[in-house]
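**Q** Residues -15 to 119 in our numbering are what the sequence shown lists, from first letter to last. No residue lacks a Cβ here, since even glycine has one placed at the ideal position from N, Cα and C. The structure presented is a predicted model; accordingly, all values stated were derived computationally and were not measured. Mind looking over this structure? Questions follow.
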Amino acid sequence: MCRRPVTRRQIRAWLAPMRACFAQMRSGEVDAIRGYAVTRLHHKDDYARIDFCIAGFRALIDRLLPGFDCASLERLERRLAAGAPLTVAEVDAGFACLAAAEDALTGIDRARLKGAVLIEQISIELDALRLKEAA
């Protein structure tokens, strides 16, 4: 099996929706539903809570890069989940973490990245099913 590394261009394209979301937060104008900040990851998608998006991204990074420091993203996630206002410095720190993750992911094995993404997607779906069963 051919093991090709992921290029910087591919990583930037993959993380473009997250970059756009951070830029939107930094501008101070974010869509909200029921008091939670939301975004569209792709133009065809429904709205998704930003704190959920950050949680999924952090889980993926923890799986791929176990020693990577995501503390600034975790802070953003907690504040967004609580509905607390964000400062520009907090958003900038999260954006810097995203950029550092982009650097760290460049060159990673494509199959490993795809596998980790698939595992996280399955995990998210299983969590959603458990919530529906409990209701």
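Under the three-state reduction of DSSP, which class applies to residue 72: helix, strand or coil?
**A** helix
**Q** Specify the secondary structure class of residue 17 as computed by DSSP and reduced to three states.
**A** Residue 17: strand per DSSP, three-state reduction.
**Q** Looking at C-alpha atoms only, which residue of -10, 9 and -8 is the closest neighbour of residue 71?
**A** 9
**Q** What three-state label does DSSP hand residue 30 in the structure shown?
**A** coil
**Q** I'd like to know if the region 66 to 82 and the region -14 to -2 are in contact, where contact means that at least 3 CB-CB pairs between them fall below 8 angstroms.
**A** no
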